[in-house]
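> What follows is a structure written as structure tokens; I'll ask about it next.
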Amino acid sequence: MDNAHRSAMESYESAIEILRYHVVPVRIVTQNVSSNEMLNTLNDGLQLRFNKYSTKIETINCVTILRKNRIAQNGVVHLISSVLSPYSYSNRNLMQIINQNQDLTIFSKMLEVSRMHQSLKETFQTLTVMVPTDMALQRFPQNQLRRILSDETLSKAFVLKHILPTPICLSAVTEDQYVKSLADSNNYVKFSCDVKHTVTAQGNCINNDLKLSSNGIIYAINFALSSEEGKSALQIMQHLGLSEFVQIVNIAGLAQTFENFNSLTVFAPTNKAFRCMNPMEMYHIRSDPSAARAFVDFHVGRQMMTAENIYDGKTVETFAPGKQLRLQCVQNEFGVEGRRIHFQTVLGYNGAVHVVDHVLYPPTISVEDLIRKNDSFSLYAQAMDLVLGASPGGRTPFEFCSGVHNTYFIPTDYAFRKLGAVELNRLFGNPTRMRQILDNHRAGRILPSALIGTRQQYEIKTKNEIVRVSNEDDKFMVNEAEIIETDIITTNGLVHVVDDLILPQNRRRSE
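Okay, so the sequence shown: first residue is 1 according to full-length UniProt numbering, each after it adds one.
Put into structure tokens, the structure is as follows:
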């Protein structure tokens, strides 16, 4: 018995009131009582809440029933673990109790802003509300707290994560237990109990200081179950530990932009990605604010993008003038400019943050320039000239490089020479046949190697037919040709270098 109850018992009137609260004027056998049933007591107007749990624990007002159903001549006796306090129960509803607690004013305001206050007044469902105290919420950055309190959507998202659709009694928590909140289907609150019977929620200790209402249970907690709502893109990056990128943002003088610009998407490289950068380049962006700004601008899109509105081939305007980012989606894996997105999207009030495993660079070379300037691709260049020269009207613009969402499987000169001199001469004398083969090396979408998992394969339609791209322990193949260099990003798309020609199916069958 705690000091408050001991003092109350020393007063005759209070002792009578407490004793009456322990007596129900009917015989109660626990197996005949439903979970969450309200029982009238001899203390006029006050009730007890009975609960059963899957752990076989039964509680009365969240106090454990240790020994139950002891039948006597004039009633039934249940031994409980502590004194029941009539002061812990109120006939008022959840909202009334929260409003009358001077330590819960901020959460009360959130309930009003989110329009959830009426639900807590009128619901017939028994809820558990984990209410952060004013002191807990005042630990939030003031800008973030102000945004939550002024936005219905943010307030509602925060509030719903603190409301559980079932009565939770701490005395019934004996092992890890996950309880879904009223927020989206993926939001759970984890309750745990250690060897000292200390109960935690999301790793934070909960005091067994509860208030029972007519329609639920309230716990005043000194922490918040969520801190994501109202965060800016900058705060999210800080929370994710993307310290290198945040440092470049500050050097570029863009911190306020990431705090206040509405509806943006950040593709933020990991700290490891920065460690893989060229040291001289890293020094340049750290010492030159204009270079830092150009670097950051290419990593930021001018609209909010999540998994729901990203599709393969989508482009988004960046903060860098005239520059776009190209997005990829392959078998539910997402990429940007050929780099894999670690799709643990974190949404802030003003944007989304996606983590990427490489820094992103605006492409500076076209596929045609790449081929023309590399002696290893001289036969491929000759083959293109042959096909284009045989086109009606003579040589046209480099049609093999039209568009920006392409994958090119470029064969080396060695790959051509594998055909042998006779077959190679015959092929260069047949522009129609050469076009078929070249068309088999270009697909109208970007297929990065990073999006093809180990021991997976993916079929992609080229300009001629479907080919199969596979990954065997980081050895990438296109049909029977090995990709010897992957993911060269260009203005026209992505280049993979192959060591063999990807011959059309009918050609392989004839051979």
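Beta carbons: idealized from backbone N, C-alpha and C, even for Gly.
Since H117 is in the alpha helix (DSSP H), which residue starts that stretch and which ends it?
117-122 is the extent of the alpha helix (DSSP H) around H117.
> Output the boundary residues of the beta strand (DSSP E) element that contains N51.
Where N51 is concerned, the enclosing beta strand (DSSP E) stretches over 47-52.
> So L254 packs on V316, CB below 8 Å; how close in whole Å?
Contact flag wrong, Cβ pair sits at about 18 Å.
> Buried or exposed for M38, please, with buried defined as at least 16 other CB atoms from any protein chain shown within 10 angstroms of its CB.
The residue is exposed, with fewer than 16 neighbouring Cβ atoms inside 10 Å.
> Which same chain residues, not among the five before or five after I98, have their C-beta less than 8 Å away from its C-beta?
Once the five neighbours on either side are set aside, the close Cβ partners of I98 are L104, F107, S108, L111, L120, V129, V131, I218.
> Tell me whether K190, by its Cβ, gets closer than 6 Å to a heavy atom of the ligand NAD.
With respect to small molecules bound, the structure shown includes none, and the ligand NAD cannot be examined in it.
> Whose CA, out of I446, I489, L419, K463, lies closest to the CA of residue 548?
Only positions 1 to 511 of the chain appear in the structure, and residue 548 is not among them; the question remains open.
> Between which residues of its own chain and K156 is the CB-CB distance below 6 Å, once the five residues before and five after are set aside?
Answer for K156: S114, listed in chain order.
> Would you mind sorting C62 into buried or exposed? The rule is 16 or more other CB atoms within 10 Å of its CB.
So C62 counts as buried.
> Report, in whole angstroms, the separation of the C-beta atoms of I460 and L447, which I expect to be a contact under 8 Å.
6 Å between Cβ atoms; contact.
> Who are the near neighbours of residue 514 in its chain, counting only those whose CB is closer than 8 Å to its CB and skipping five residues on each side?
Any answer about residue 514 is impossible in this case: the structure gives the chain only from 1 up to 511.
> Need the endpoints of the alpha helix (DSSP H) that K109 sits in, please.
Unbroken alpha helix (DSSP H) run through K109: 105-113.
> When the distance is taken between beta carbons, is G230 closer than 7 Å to M304?
No, these two residues do not count as a Cβ contact at 7 Å.
> Going by other Cβ atoms of all chains shown within 10 Å of its Cβ, with 16 needed for buried, is C169 buried or exposed?
Under this definition C169 is a buried residue.
> Out of H342, P25, V353, point me to the one whose CA is closest to T451's CA.
According to the sequence shown, residue 451 is Leu rather than Thr. Closest by alpha carbon: H342.
> Counting only C-beta atoms, is I80 closer than 7 Å to chain B at any point?
You won't find chain B in this structure, because it holds only one protein chain.
> Given this structure, state the Cα-to-Cα distance separating S470 from A443, to the nearest angstrom.
Taking the straight line joining both Cα atoms gives about 15 Å.
> Would M95 be called buried (16 or more neighbouring beta carbons within 10 Å of its own) or exposed?
Buried is the call here.
> Let me check understanding here. Comparing Cα to Cα, which of H496, S81, P504 lies closest to K463?
That would be P504, whose Cα lies nearest to the Cα of K463.
> Assuming L149 and I163 form a contact by the criterion Cβ under 8 Å, report the distance between their Cβ atoms to the nearest whole angstrom.
18 Å between Cβ atoms; not a contact.
> Whose C-beta lies closer than 6 Å to the C-beta of Q177 among residues of the same chain, with five residues either side of it excluded?
Only F191 meet the Cβ criterion.
> Under 8 Å Cβ to Cβ from C205, same chain only, skipping five residues before and after it: list those, please.
Contacts found: T198, V199.
> How is I425 classed by DSSP in three states: helix, strand or coil?
Per the sequence presented here, residue 425 reads as Asn, with Ile not at that position. DSSP places N425 in helix when its eight states are reduced to three.
> In chain order, what residues of the same chain lie with their CB nearer than 7 Å to the CB of L386, ignoring the 5 residues before and after it?
F428, P431, M434, listed in sequence order.
> Is DSSP giving V159 helix, strand or coil here?
Here V159 sits in helix by DSSP.
> Going along the chain, which residues of its own chain have a beta-carbon closer than 8 Å to the beta-carbon of S171, five neighbours each way excluded?
I57, T59, C62, V63, T64, S81, N208.
> Quick check on residue 513: buried or exposed, where buried means 16 or more other Cβ atoms within 10 Å of its Cβ?
The first residue shown for the chain is 1 and the last is 511, placing residue 513 beyond what the model contains.
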